[in-house]
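If you count by mature numbering (1 follows the signal peptide of the UniProt record, and there is no 0), then the sequence shown holds residues -21 to -1, 1 to 637, one letter each, in order.
What follows is one structure encoded as structure tokens, with my remarks underneath.
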Amino acid sequence: MVKKLLGTLLCLIAHCTITNAALTVSSTTNGITLTLNATGDLATGFSGLNQTQKNATTLIIKTAGGATMNQSDIETLKQFSHLHTLDLTDARVTSDHDLQKLREVSTMKRLTFPKTSTQIPTDCFQSHSACKIEEITFPDNPNAPLTLSQQALRTTSLKKITFGSRQSITIGNMCFLDDTGLTMVDFRYGTKTIKFADMAFKGTTNLRKIILPEGLTEISEYAFAHSGIRAIRLPSTLKTIKTKAFAYATELRSITIPEGVTQIEHATFENNYNLGHVYVLGTETKCAEGAFTDNDTYRFRLYNYTNGQKDVKVSDYTREDSNMKTCTVLHFKKEAYDNYVNEYVKVIGTDKYNSSPYGSHPELNHWVFDSKGNKWPVDHSSYFEGEGRTGNDCPQGDYAGWKDFMLTDNTLSEQMWIDPERVGDKWYTMCLPFDMTEEQLQSAYGADVEVVEFSAVALTTETNGKKRITLEFKTPVTSTKAHHPYFIHPGIHAGKEKGVKTTIAGITKQPEEPSKLEEQKVSITTDGVTYTFKGNYDKNKGLEQYSYYYYSGEDTKWPNAFYKWVAASGGTWNPYTACVLLSKDNGAYARLAPEFYSASSDSHTTTGISSIMPSKPMAEIDIIYNINGQIVSRGDIETLQSLPQGIYILNGKKYIMR
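Below you can see the structure in the form of structure tokens.
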């Protein structure tokens, strides 16, 4: 999979280095690298460049010694008439304010800011600027803060922005106001503090992907207010969600609150018109009164019912606020029932109602049950409203915000799945006993999660007659089916954090039956051999003879790749993973070169449109097996000669070491 790296863009240094006065010029395959050895070198040295260099599409600029790029240097950039990609990672500027001049580079689409810049000025890019920038990267500099000033990047052309690791990040007021082209904001691992001013993302109606790094402990005020997000994965390290963080995020479908969150403040979730489900993993997560506004929590009514009626659906309720597209349900574990459920809901339909603070209103003693046995009121009342009220008949205390909810579900434990394995920046096989929607995948595995299916088997024969197999996984999907095998690449920035896990909420678990795995397997026949990608649920299952298993572990001795198992028994086929089973030995090498589809690409046209392409095959590494199919080393014939006596297999050939 092709993944973009922060910092220096990948360019192959080629051919020549020229010194033009104090300006050092290094040619590259698709552009040039310019090194300023003194301030002003670019402005004075541009005329000395040849026409090929002036027509470069990719430009890397560096400063050496005490040199900086001054305003004249930055203004000179617009003379590169074909410039598409500009990398300033290792350039220092005389003043961050001069970065405003970048908006005059009319052809530029991709920009990496200097890693030493800490203040991006107001109106750095605007919709009416000559430059229609599409992608911006702030490279890693963990020892320096980064501040984006008010309306710094207010431009409808911007599609993606990536923040590298910083000491702290501050997003100014209306920084991305009305950036309707913005679809992705990626905060990479390492930043512990990210603060947002009011309306930072207001009007970003197409912003669907926000990636927050593990290690983040607080989501600040106004963070994603008025944004267009539909799903977001909150880091497992999160502790606090501040006021207005998700206010007017009207497209948000569901939210999963991590177990470690200790406090959600007032008006954090406000007017979330599409919010259907709130999943709270912890049993002692404090939630302020009014954390969710009343149109999300209780302004619903059931018109046709009988007391105690069963199997009532959310869709049976009528919403009082016409802006609401659904009724919101609060999901939690049974252990949290006393903390999270409104006292009024607890007593309706019981003999305690008449002696309760609500007993003077017998007309409100009506109730129904959903299909899971949760008791629901049929009408809203002031008993769900604590703001501005006192008394023992309204929500109070540390959990008042949860008690505002009219429709609750205490069976979350039966609707969740914890995955402590698939949290790294790598590929994993996956086969799970439940369906997942696009929103569930993104809420659990991050907004940039990629899932692919087995699509083809490519066979090549080398000059020495040996076969080489490439398994292709190039069919992307946005939702998954129960029992079906997939490859998944999480969009999680876990870094070095320990104990990171992800939770899939709102699922319906299905029986883990072998017949279901058989029904969902994917088979492809090439050169007389059938390759079957199939999942496993059995915790005690061994690897099958002539099969390929994918190693996603952390041991750097073994690259993440497919490895061939040739023994008739032994090995461990981990549950909820998938292997490729062969109908017979294919005579190929012991290790495969898999290819994955990726929506990411470093190939850009002059219009800034990305090509979709597979990543390059992994490099071949020779693996040495013993006669039982176990990996014992890697290397060549010389490596074999250093091993103890025994029978070994290297690249499909048997060797006897005496």
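Think of the CB as a built atom: it goes at the ideal place given N, C-alpha and C, for glycine as much as any other residue.
How would you label alanine 46, buried or exposed, when you count the other beta carbons within 10 angstroms and need 16 or more for buried? buried
Name the DSSP bridge partner or partners of glutamine 105? Arg133
Could you tell me which residues DSSP pairs with methionine 395 in its beta bridges? Ala484
May I ask you to report which of helix, strand or coil DSSP gives serine 494? helix
Three-state secondary structure (DSSP) at glutamine 32? Under the three-state reduction of DSSP output, glutamine 32 falls in the helix class.
What is the DSSP secondary structure of isoleucine 588, reduced to helix, strand or coil? With a pLDDT of only 21 at isoleucine 588, under the threshold of 50, the placement of this residue in the model should not be trusted, and no figure is reported.
Alpha-carbon spacing of threonine 449 relative to glutamate 314, whole angstroms: 50 Å
Where DSSP assigns a beta bridge to threonine 459, which residues make up the other side? Met415
If contacts are defined as beta-carbon pairs under 8 Å, then tyrosine 227 and asparagine 253 qualify, I think. What distance do you get, rounded to the angstrom? With 8 Å as the limit, tyrosine 227 and asparagine 253 do not qualify as a contact, their Cβ atoms being about 12 Å apart.
Which value, in whole angstroms, describes the spacing of the CA atoms of alanine 546 and lysine 536? Whole-angstrom Cα-Cα distance: 22 Å.
When the Cα atoms are used, what is the spatial distance from threonine 584 to isoleucine 112? In this prediction, threonine 584 has a pLDDT of 23, which is less than 50 and means its spatial position is unreliable; what the coordinates show is noted afterwards. Each residue's Cα considered, the two are about 14 Å apart.
Report the three-state DSSP secondary structure of proline 100 (helix, strand or coil). coil
Between the Cα of asparagine 321 and the Cα atoms of Gly376, Tyr282, Asp534, which residue gives the shortest distance? Gly376
Quick one: give me the first and last residue of the alpha helix (DSSP H) that glycine 10 is part of. First-last for glycine 10: 10 to 15, but that is the beta strand (DSSP E), not the alpha helix (DSSP H).
To which residues of the same chain is isoleucine 189 closer than 7 Å at the C-beta, ignoring the five residues directly before and after it? Within the same chain, isoleucine 189 has close Cβ partners Val164, Phe203, Ile208, Ile211, Ala426.
Determine the extent of the alpha helix (DSSP H) in which glutamate 238 is found, giving its start and end residues. Neither: glutamate 238 is in no alpha helix (DSSP H) and is coded neither H nor E.
Closer than 8 Å is the cut-off here; do at least three beta carbon pairs connect the segment 508 to 523 with the segment 385 to 400? no
Go ahead and label histidine 61 buried or exposed: buried means 16 or more other beta carbons lie within 10 angstroms of its beta carbon, across all protein chains shown. exposed
What is the C-beta distance between aspartate 429 and phenylalanine 452, in whole angstroms, given that I count them as a contact (C-beta under 8 Å)? It is worth fixing the name first, because residue 429 is glutamate in this sequence and not aspartate. Taking C-beta atoms under 8 Å as the contact rule, glutamate 429 and phenylalanine 452 fail to qualify, at a distance of about 10 Å.
Please state the DSSP three-state secondary structure of asparagine 318. helix
Three Cβ pairs or more, each shorter than 8 Å: is that satisfied between the segment 547 to 560 and the segment 521 to 534? yes
Under the rule that 16 or more other beta-carbon atoms within 10 Å means buried, what is alanine 123, buried or exposed? exposed
Proline 623: buried (16+ other C-beta within 10 angstroms of its C-beta) or exposed? exposed
Is the Cβ-Cβ distance between proline 237 and serine 215 less than 9 Å? yes
Pull up the distance between the alpha-carbon of cysteine 410 and that of valine 501, whole angstroms please. 12 Å
Three-state class that DSSP yields for glycine 470 in the structure shown: coil
Kindly list the residues whose CB is nearer than 7 Å to the CB of lysine 488, restricted to its own chain and excluding five residues on each side of it in sequence; keep chain order. The residues Pro412, Phe413, in chain order, have a CB closer than 7 Å to that of lysine 488 in the same chain once the five nearest residues on each side in sequence are set aside.
Could you spell out the range, first to last residue, of the beta strand (DSSP E) harbouring threonine 3? 2 to 7 is the extent of the beta strand (DSSP E) around threonine 3.
Nearest CA to the CA of asparagine 185: which residue from His472, Ser548, Thr135, Phe59? Thr135
Nearest neighbour of asparagine 565, chosen from Ser548, Thr505, Thr172 [CA to CA]: Asparagine 565 has its Cα closest to that of Thr505, out of Ser548, Thr505, Thr172.
Does the beta-carbon distance from leucine 78 to phenylalanine 59 come in below 9 Å? With a cutoff of 9 Å on beta-carbon distance, leucine 78 and phenylalanine 59 are scored as not near each other.
I'd like the span of the alpha helix (DSSP H) that includes lysine 382, first residue to last. 379 to 382
What's the C-alpha gap between glutamate 599 and asparagine 539? Unreliable placement is indicated for glutamate 599, whose pLDDT of 34 sits below 50; no coordinate value is reported for it.
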